[in-house]
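Chemist:
In the working numbering, the protein residues as written are 1 to 71.
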């Protein structure tokens, strides 16, 4: 009985692997292009926020407090 069960499970595993093998496992070139555009847009927005006057002032304040802290 165990041989029959084992054979059936092995056959099922082979069929599953055969079905999965035909699918696209990666991104297409257009998906890479969209991903790069999104990453660049996020980087630009992050750069604008970090270099704004308010954030620059806060970062300078944090650094100066950290450097002048007593150890």
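Think of the CB as a built atom: it goes at the ideal place given N, C-alpha and C, for glycine as much as any other residue.
When the cut-off is 8 Å and only beta carbons count, does residue 6 lie next to chain C?
Modeler: Considering every chain present, this structure includes no chain C. It has just one protein chain.
Chemist: Roughly how many whole angstroms lie between the Cα atoms of residue 45 and residue 39?
Modeler: For residue 45 and residue 39, the distance between alpha carbons rounds to 10 Å.
Chemist: Quick check: what's the CA-CA separation for residue 58 versus residue 51?
Modeler: If you take the alpha carbons of residue 58 and residue 51, they lie about 11 Å apart.
Chemist: Tell me the residue span of the alpha helix (DSSP H) that contains residue 78.
Modeler: Within the shown structure, residues of the chain are numbered from 1 to 71, placing residue 78 beyond reach of any answer.
Chemist: Go to residue 44, then tell me how far its alpha helix (DSSP H) extends in each direction, as first and last residue.
Modeler: Counting along the chain, the alpha helix (DSSP H) containing residue 44 begins and ends at 29–50.
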